[in-house]
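Chains as they are written, first to last, in numbering that gives the first Met the number 0: chain A, 0 to 353; chain B, 0 to 140; chain C, 0 to 190. Even glycine gets a Cβ: it sits at the ideal position worked out from N, Cα and C. Bear in mind that the values here come from a model prediction, so they are computed numbers and not experimental data.
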Amino acid sequence: MLRKSELPGRESGPLVAGAVMLLFDQNLGTAFFDPDKGGDPVLWQHLFWFFGHPEVYVVLLPTMGICAEIIAVFSRKPLFAQKTILYTAFGTGIISFFVWAHHQFISGIDPRMAHIFTITTLIISIPIAEMCFVYIATLYGGRIMLTTPMLWALAFVFEFLIGGVTGIFLGASGADIYFHDTYFVLAHFHYTFFPIAIIGFYAGVTYWFPKMSGKMMNETLGKIHFWGTIIPFNGIFLPLFVLGLAGQHRRIYNYEHFPDLATPDLQQLRVFATYSLIVMLAFQLVFFFNFIKSLMSGKNAGKNPWDANTLEWTTESPPPHGNWPGDLPTVYRGPYEYSVPGRESDFWPQDQKD
Amino acid sequence: MSEEHAAHEGPSYFKTYVTLMVLMFLSLIGAWIGKEVGILAITLVSAFGIALVKAYLVAARFMHLNIEKRYIVYMLTTCLAFMFLFYTAIVSDIQNDTGANWTKPQWIEREAAWADGTWVDPNPVEHHGDEGGHGEEAEHH
Amino acid sequence: MSATPIATGRSATGIGTGKLAVWWLLASEIVIFGGVLVSYMLFRLSHGPWAAHSEATNLYIGATNTVVLLTSSFFAVTAHKYAEEGNGKEAAKWLWFTIGGAALFLVFKSIEWSIEIGHGFTISRNTFWSFYYTAAGIHASHVIAGALLMVWVARSAARGEHLHRVENVGIYWHFVDLVWIFLFPLLYIAK
């Protein structure tokens with residue numbers, strides 16, 4: 000239901016045009032972006048970022064959908080304000096087309112444009128924050144079950160909030176004059192992208208693995224992998240905020256060229272981040288081991304190991320060709336009927352008559 | 000399996016086609032008039048205005064957008080709207096040669112040379128015989 | 000034993016999935032061509048001296064190509080009419096005429112470009128020619144792709160199979176024509 004991916008292809012058009020133009024500039028000597036020949040490099044930036052910004056929301060929204068599902072299931076509560084989530088998802092998608100030049104604040108764009116884009120960028124944080132609040136409201140008063148997928152979904156909300164909040168600093172064109180091209184930006188986009196891509200990936204895989212393969216993943220290994228990923232992840236990227244504030248800009252290959260940045264305390268932060276990275280990478284082996292071992296000899300999952308309410312859990316694991324072995328199920332109610340008062344069971348499958 | 004069962008009503012495809020042909024020749028005539036009289040606006044308005052009409056005819060009659068579900072039309076016009084947004088948002092950057100705290104020196108040099116006639120085309124146009132140099136066209140601001 | 004679900008049967012959108020997919024594709028194509036053409040207009044309206052090179056495009060070949068494409072669009076919609084009536088063979092015949100129009104377009108374009116390149120107007124000559132070849136080139140690649148698709152659809156339509164595809168490929172082809180309807184004044188008339 001909520002697993003929508005945003006308007007694929009609509010934002011990418013100018014990038015395809017721009018990419019063709021760039022290829023031609025580099026190989027055929029055309030004059031699109033070369034000022035000496037009459038072109039303008041800022042046009043490339045605009046073409047790229049007109050795609051690039053909606054793109055990150057394309058990546059974000061499916062993950063928010065995955066986490067919405069998981070949080071509802073493992074709080075044994077209906078998803079709070081479901082329609083609002085839907086509308087804010089649409090609203091976010093639409094607003095995301097109006098914020099792109101916040102990647103170009105100091106590239107020489109007209110400052111009046113920068114003002115407009117600051118406003119739209121700050122506005123877009125509102126629907127996203129609201130979706131996070133809705134997740135927290137779903138948790139409130141629920142019977143929270145801290146299974147591995149739930150841990151990942153909760154981590155998503157927590158880490159993404161940090162990423163999103165630091166985006167506010169960057170979205171303000173004034174502050175961005177200092178922050179642009181520093182490690183602050185890096186820390187911000189890793190704190191957003193890592194939850195979206197990696198945490199969302201693990202949340203989805205651990206949640207749907209039983210349905211896809213018919214076997215359960217090992218919970219203990221899952222939890223070890225979870226903590227071994229999240230704690231080092233923060234160890235890598237929290238120091239980067241400090242480094243960015245201290246003025247470390249991007250793409251330095253030799254710190255000896257920048258003695259102000261080569262001080263021991265800053266260097267310590269970098270070393271700590273690198274060690275955290277090594278630890279985090281090592282823990283991914285736990286996941287691969289768990290994944291393969293569970294595929295081969297995991298416990299049988301059955302149809303609905305999580306007692307979830309969405310329709311995929313009414314069919315076999317893994318689903319046969321055509322998804323259901325017999326007739327398609329008749330649906331009697333919505334997907335979020337958890338903990339309905341007066342019923343014995345804390346969930347009410349959609350295809351059960353009463 | 001197609002939704003349409005019987006052939007749908009509407010102006011005949013052939014009539015629409017003839018209209019399109021007529022419009023195309025009208026746009027050529029408009030361009031010729033504009034050139035003779037020397038008013039660029041006539042050329043542009045006739046060419047693009049007629050193009051819009053032709054586009055409407057092809058979209059409505061040939062692509063059957065006149066009987067298609069409305070949301071398809073909304074989807075397509077949204078994309079067009081995005082293109083307008085894109086243009087208006089970056090016009091102050093790309094079409095100008097100076098802005099707040101920046102200039103495009105190569106463009107400024109070129110305009111200055113163009114103004115006092117000292118601009119040398121690094122790649123001169125080879126004349127086909129019907130027009131002179133690059134004086135009349137492309138008036139600059 | 001279950002019947003394989005047919006996507007159109009369960010469509011919540013009200014139109015067949017193939018047709019919806021073609022419209023979705025066209026929406027993306029609007030922004031692709033829009034990106035190139037908006038960029039061209041931005042540069043052109045800044046009145047660089049290179050704009051004078053627009054004089055060198057051949058209005059007559061451009062107009063001929065416009066006639067060819069409009070006619071091929073007419074053929075495509077005629078094919079659609081026959082496909083709707085269930086007459087696969089006629090539909091295929093008119094699709095082949097459309098493909099012929101596409102081929103003729105490409106022939107004229109090749110002639111035109113050979114003449115222009117012969118005069119030294121290559122893609123890297125200056126900004127105008129960069130846009131000219133890029134925009135017309137992306138369009139021509141869509142013409143080629145459309146022609147190939149129509150070959151495939153015509154062959155199955157002749158056997159009476161998948162007649163709904165005639166309409167879908169027709170919608171794509173009309174879009175290719177639409178882009179040319181705008182490219183023609185932009186590159187050939189606006190001088």
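Of the candidates M149/A, I143/A, P13/A, M149/A places its Cα closest to the Cα of K222/A. With respect to R164/C, V175/C sits apart: the two C-beta atoms are not nearer than 8 Å.
When rounded, the separation of the alpha-carbon atoms in F47/A and V285/A is 38 Å. D24/A sits buried, since 16 or more C-beta atoms from the chains shown fall within 10 Å of its C-beta. Pairing V90/B with L169/A, the inter-Cα distance amounts to about 24 Å. Distance from the CA atom of S212/A to the CA atom of P194/A, rounded to whole angstroms, is 25 Å.
Its chain contains I98, A101 as the residues whose beta carbon lies nearer than 6 Å to that of A146/C, once the 5 sequence neighbours on both sides are disregarded; these appear in chain order. Under DSSP, no beta-bridge partner is assigned to Y16/B.
Within the same chain, F193, M279 come within 7 Å of F232/A by CB-CB distance, once the 5 residues on both sides are set aside. Of all residues in the region 88-107 of chain B, those with a C-beta nearer than 8 Å to a C-beta of chain C are I89, V90, I93, Q94, N95, D96, W106, reading in chain order.
For E315/A, the CB contacts under 7 Å within the same chain, skipping 5 residues up- and downstream, are K302, P324 in chain order. Contact annotation, Q44/A with S106/A: C-beta distance approximately 6 Å; criterion of less than 8 Å satisfied. Chain-ordered, the chain B residues with CB closer than 7 Å to the CB of V41/A read D92, I93. Sorting P184/C, A189/C, I170/C by C-alpha distance to the C-alpha of T77/C places I170/C at the top. Of F104/C, E115/C, A157/C, the smallest CA-CA separation from G87/C is found for A157/C. Around the beta-carbon of M62/B, 16 or more other beta-carbon atoms lie within 10 Å, marking it buried.
Within its own chain, the residues whose Cβ lies closer than 7 Å to the Cβ of K214/A, once the five positions on either side in sequence are excluded, are S293, L294, G297, K298, N299, A300, listed in chain order.
Under the three-pair Cβ rule at 8 Å, the region 96-107 of chain B does not count as touching the region 23-42 of chain C. In this chain, the alpha helix (DSSP H) harbouring M63/A covers 40-74. Closest by C-alpha distance to A11/C, out of V17/B, Y70/B, P10/B, is Y70/B.
For the 8 Å CB-CB criterion, L68/C and A134/C do not form a contact. Taking a Cβ-Cβ threshold of 8 Å, none of the residues of chain A is close to S113/C; the smallest such distance is about 17 Å. Among the CB atoms of chain C, none fall inside 8 Å of the CB of T18/B. By the neighbour-count criterion, in which 16 or more other beta carbons inside 10 Å mark a residue as buried, M130/A falls on the buried side. Contact fails between the region 70-83 of chain B and the region 31-43 of chain A, because fewer than three Cβ pairs, one in each stretch, are under 8 Å apart.
Residues of the region 85-119 of chain C with a C-beta atom less than 8 Å from some C-beta of chain A do not occur. Take the alpha-carbon of R75/A and the one of T119/A: they are about 36 Å apart.
With respect to chain C, the C-beta atom of I71/B has a partner C-beta closer than 8 Å. Beta-bridge partners of N299/A (DSSP): K214/A. Listed by position along chain C, the residues whose Cβ is nearer than 8 Å to that of G37/A are F42, G47, W49, N125, T126. Residue-level contact check: P110/A touches chain B, since one or more beta carbons of chain B fall below 8 Å from its beta carbon. Beta-bridge partners assigned by DSSP to G98/B: W101/B. Taking a C-beta distance under 8 Å as the contact criterion, Y190/A and I229/A do not qualify as a contact pair.
Taking 7 Å as the Cβ-Cβ cut-off, the region 326-339 of chain A has no residue approaching chain C.
Proximity of chain B to G107/A at the Cβ level (cut-off 8 Å) is accounted for by D92, G98, N100, W101, in chain order. H114/A has a beta carbon lying at 8 Å or more from every beta carbon in chain B.
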